[in-house]
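First up is the structure itself, then whatever we jot down about it.
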Amino acid sequence: MLVIENIVTAYGKIEALRGVSMEAQEGRITCLLGPNGAGKTTLMYTVAGILHARRGSVRLQGQELVGKPSSEIVRRGLALVPENRLTFPEVSVRENLIAGAYLRLTRDKAGVAEDLERQLVRFPRLRERINQDAGTLSGGEQQMLAVARALMARPRILLMDEPSLGLAPLVVEEIFRTIHELNAEGVTVLLVEQNAHMALQIAHHFYLLEQGRITFSGVPGALQEDEVIHRAYLGGSGASSH
Amino acid sequence: MDFYIGLLQIFGIHTLLGLSAYLLILTGQVSMAQAGFFAIGAYMAGICTAMWGWHIVPALALGGLLSGVLALLIGFPALRVKGMMLVIATLAFSEVVRLFFFNFNYTVLRDGIPIGPIGAEGFRRIRYFPENGWTTIEVSLFMGLIVLLVGGALWWADRSRLGAVVRAVGEDELAAQSVGINLTTIKVAAMTLGGVIAGIGGGLYAHMTTHVEHLNFGILLATFAIAYPILGGMGSVFGTLAAVVFVQGFLVEGLRFLGDWRNLLFGLLIMLAMNVRIKQLGDVRLRNLLRGLFGLRRRSHAGA
């Protein structure tokens, strides 16, 4: 569904992504693991059109995304749940959600209202806090809000950048349950995680990104899993096995 | 009495100036270019009425339009810079405009007198209102109407979903992009509209004072423009209005009796005001707090 080929993204002279290729298949959860500084977030921003790739291609259902503005990419059905949630803190939960449906606000009021209701059914906690400023929510609630906001765009593929970051274990479990449910409903998910144990429990396929390159690709449960987890946390010490 | 009417007119004009900056600040852009747009509107509208014999309404419109077009042109390069760099870049723009008018000569003879901008001497005899028999009250009402229209439109847009989108850009550009908001469109549109509003304000200013010169449009004016929405707390249009009344009514006019000491106090008071920020005036939290103090039910602002 989403095919990333040879993506190079650089900050000035420093290449954060040095030719990344990977794929997220329709209806599946694909997980991208990697230590700090590997380039995971850079890759997410590049795919979402917030950063611009120097080379390479990203195709969503055959359509090229590189060079398109982020608004166009969201329109084509790709939504990003950014790292650190990035809700709009001084705006109410309701308005945060509505902002997620920004692209069809004027054309499809009924549809937006319907989707809003759907998110509130999925996340009852958000309904309780609907008129509160997003900044007053707990970390877990904000993460749910960020997910719900992304879903308001009716994405075909959902990119999630470290949804478990800084959350309590119980909340993390809840978030992962949600990802699992969403996927069961047919949403394709590309998940970036450092919490490899949790991620590998729900992923169908995973990749390991180290220093701007994909160094491993496989399915969970394979023999090398322990070593991969080790590398996901600690970085490239185990390059010999590759 | 005339003094108070004149003061009201100054409030109106500075409110337009403040609102033009308010709109930009909502999208996260602090612009010192508003003084430049204000100057362009002032000279253009003055040229229209005093030299070309136009009616005041199309004159103001052309002033606003010209400022808007320039703001649109500024808007695109301005996207590339943020924060302090944008402040400096836009300040440079205002200075360019000011120095342009410092050197700008363009006059026509009317009744044997040259009329029009004459470089450093400025542009005298923008006497549309007295020549056409408008009374001070009529002029004030006319200005009031414009301020009401502009302020009302912004107030409405602010509370609509459009307002949420604009604020979203100001709060977090990354997040705004991730939900598909087109940053370029929103920021450039805000810059353009801000230019139009400042231009109209400038046009009114020229006709109120009947005489403008480049010195009217310096750094102080640009600072005022951004000080109003910031002092006003960026909560709403009313915060900006309150800040205009505070600065122009109290700091500038109210302390006039202090003579030269006022200038010393002026800076001090601005610093004080920034620190104890009247933020609180336009701010939802304080509003709710005040409501609570007076026993009114706390209204949730968010549903609006």
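Protein sequences, first through last, are from chains A and B.
Okay, so the first sequence: first residue is 1 according to the working numbering, each after it adds one.
Okay, so the second sequence: first residue is 1001 according to the working numbering, each after it adds one.
Here a beta-carbon is modelled for each residue, glycine too, at the ideal position from N, C-alpha and C.
- Annotation: residue 1015 of chain B to residue 160 of chain A spans about 44 angstroms, alpha carbon to alpha carbon.
- Residue 56 of chain A carries a strand assignment under DSSP once its states are collapsed to helix, strand and coil.
- For the options A:112, A:200, A:124 and A:123, the alpha carbon positioned closest to that of residue 1161 of chain B is the one of A:112.
- Here residue 97 of chain A has 116, 119, 148, 149 and 152 as same chain residues with Cβ atoms under 7 angstroms from its own Cβ, once five neighbours each way along the sequence are excluded.
- Assigned with DSSP and collapsed to three states, residue 9 of chain A falls in strand.
- Pairing residue 93 of chain A with residue 130 of chain A, the inter-Cα distance amounts to about 5 angstroms.
- With respect to residue 2 of chain A, residue 194 of chain A sits apart: the two C-beta atoms are not nearer than 9 angstroms.
- Looking at B:1023, B:1200 and B:1017, the one whose alpha-carbon comes closest to that of residue 1167 of chain B is B:1023.
- Straight-line measurement puts the Cα of residue 1240 of chain B at about 8 angstroms from the Cα of residue 1230 of chain B.
- Rounded to whole angstroms, the Cβ separation of residue 145 of chain A and residue 137 of chain A is 6 angstroms, and the two are in contact under 8 angstroms.
- Note on residue 1143 of chain B: 16 or more other CB atoms within 10 angstroms of its CB, so buried under the neighbour-count rule.
- Check the Cα spacing between residue 212 of chain A and each of A:29, A:107, A:75 and A:44: the tightest is with A:44.
- Identification of residues in the stretch 1171-1195 of chain B having a C-beta nearer than 7 angstroms to some C-beta of chain A yields 1171, 1172, 1174, 1175, 1177, 1178, 1179, 1180, 1181 and 1182, given in sequence order.
- Taking CB atoms only, residue 107 of chain A has no neighbour in chain B less than 9 angstroms away.
- Near chain B, meaning a CB-to-CB distance below 9 angstroms, the residues of the stretch 87-111 of chain A are 87, 88, 89, 90, 91, 92, 93, 94, 95, 96, 98, 99, 100, 101, 102, 103, 105 and 106.
- In the three-state scheme derived from DSSP, where H, G and I count as helix and E and B as strand, residue 163 of chain A is classed as coil.
- For the stretch 1103-1123 of chain B, the set of positions with a beta-carbon nearer than 8 angstroms to some beta-carbon of chain A is empty.
- Boundaries of the beta strand (DSSP E) harbouring residue 24 of chain A: 14-24, taken from the DSSP string.
- Counting C-beta atoms within 10 angstroms of its own C-beta, residue 1034 of chain B has 16 or more neighbours from the protein chains shown and is therefore classed as buried.
- In this structure, the CA atom of residue 65 of chain A is about 7 angstroms from the CA atom of residue 57 of chain A.
- Restricting attention to B:1029, B:1252 and B:1097, the CA atom closest to the CA of residue 1169 of chain B is found in B:1029.
- Boundaries of the beta strand (DSSP E) around residue 207 of chain A: 205-210.
- In the DSSP assignment, residue 193 of chain A falls within the beta strand (DSSP E) that extends over 188-193.
- Straight across, the Cα-Cα distance linking residue 29 of chain A with residue 12 of chain A is about 33 angstroms.
- Within the same chain, Cβ atoms closer than 8 angstroms to the Cβ of residue 88 of chain A are found at 95, 96, 99 and 134, the five residues on either side in sequence being excluded.
- Annotation for residue 1094 of chain B: the continuous alpha helix (DSSP H) segment containing it runs 1083-1103.
- Cβ proximity to chain B below 7 angstroms picks out 149 from the stretch 138-151 of chain A.
- Pairing residue 1217 of chain B with residue 1042 of chain B gives a Cβ-Cβ distance under 9 angstroms.
- As the crow flies, the alpha-carbon of residue 1159 of chain B is around 31 angstroms from that of residue 1138 of chain B.
- Judged by DSSP secondary structure, residue 213 of chain A falls within the beta strand (DSSP E) whose first and last residues are 213-218.
- Between residue 1167 of chain B and chain A, the shortest Cβ-Cβ separation is below 9 angstroms.
- Within the same chain, 24, 30 and 159 come within 6 angstroms of residue 190 of chain A by CB-CB distance, once the 5 residues on both sides are set aside.
- Residue 221 of chain A and residue 173 of chain A have their C-alpha atoms spaced approximately 20 angstroms apart.
- Using beta-carbon distances, residue 80 of chain A counts as an interface residue toward chain B, with a partner under 9 angstroms.
- Secondary structure note for residue 94 of chain A: its alpha helix (DSSP H) is the uninterrupted segment 93-100.
- Among the residues of chain B, those whose CB is under 9 angstroms from the CB of residue 75 of chain A are 1180, following chain order.
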